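Undergrad:
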Amino acid sequence: MAREYVYGNTARKQSGKETDIHPIREERRKNSRRVRLHLYNILTILASAAIVIMVVFGYIRLQTEVTKDRVTLSKLKAEYEELKRSNDLYKDRIDSNIDLAEVARIAREDLGMKIAGEGQIIVYSGCIDDYVKQYSDIR
Numbered sequence: 018m019a020r021e022y023v024y025g026n027t028a029r030k031q032s033g034k035e036t037d038i039h040p041i042r043e044e045r046r047k048n049s050r051r052v053r054l055h056l057y058n059i060l061t062i063l064a065s066a067a068i069v070i071m072v073v074f075g076y077i078r079l080q081t082e083v084t085k086d087r088v089t090l091s092k093l094k095a096e097y098e099e100l101k102r103s104n105d106l107y108k109d110r111i112d113s114n115i116d117l118a119e120v121a122r123i124a125r126e127d128l129g130m131k132i133a134g135e136g137q138i139i140v141y142s143g144c145i146d147d148y149v150k151q152y153s154d155i156r
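Just so we're aligned, residue 18 is where the sequence shown starts under this note's numbering, counting upward by one.
(1) Rounding to the nearest angstrom, what Cα-Cα distance links Y97 and R110 in this structure?
(2) Rounding to the nearest angstrom, what Cα-Cα distance links A133 and I139 in this structure?
(3) For the alpha helix (DSSP H) holding I123, just list the boundary residues, first then last.
(4) Between V69 and H39, what straight-line distance do the alpha-carbon atoms span, to the nearest angstrom?
(5) Please state the DSSP three-state secondary structure of K150.
(6) DSSP three-state label for K47, please.
(7) To the nearest angstrom, how far is the alpha carbon of S49 from that of H55?
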């Protein structure tokens, strides 16, 4: 094809016609684009795979922690139940050793306490179960 140039004070410009590109150069240009696209695709896939692997390892780590916590919790529950059972046994043993008649005798004889009489007991009820307001001194 013939090329037409405009000559003058300005830089050379081609006229409106398209230029011919040698077929070998055209092929090289297409191949370089393909290589860049392939490289971009490979990098994108590798980055995505790295992110997926990080997420999977994080998930596995969290699952391991949850499993360890469950085992620890079950051990603590078993220990708590054993302590509670032991404390209940001690409480029953202590309660069975207390003689209420002996306590009443010591209160009357040694401490000088007396059983409250009819007029000494004041019974009152509050409308709220949480607390009681005291408006005056109790005698």
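For each residue, glycine too, the CB sits at the ideal point set by N, CA and C.
Here the structure is a predicted model, which means the values were calculated and not measured.
TA: Well, looking at it:
(1) 20 Å
(2) 10 Å
(3) L117 to E126
(4) 45 Å
(5) coil
(6) helix
(7) 10 Å
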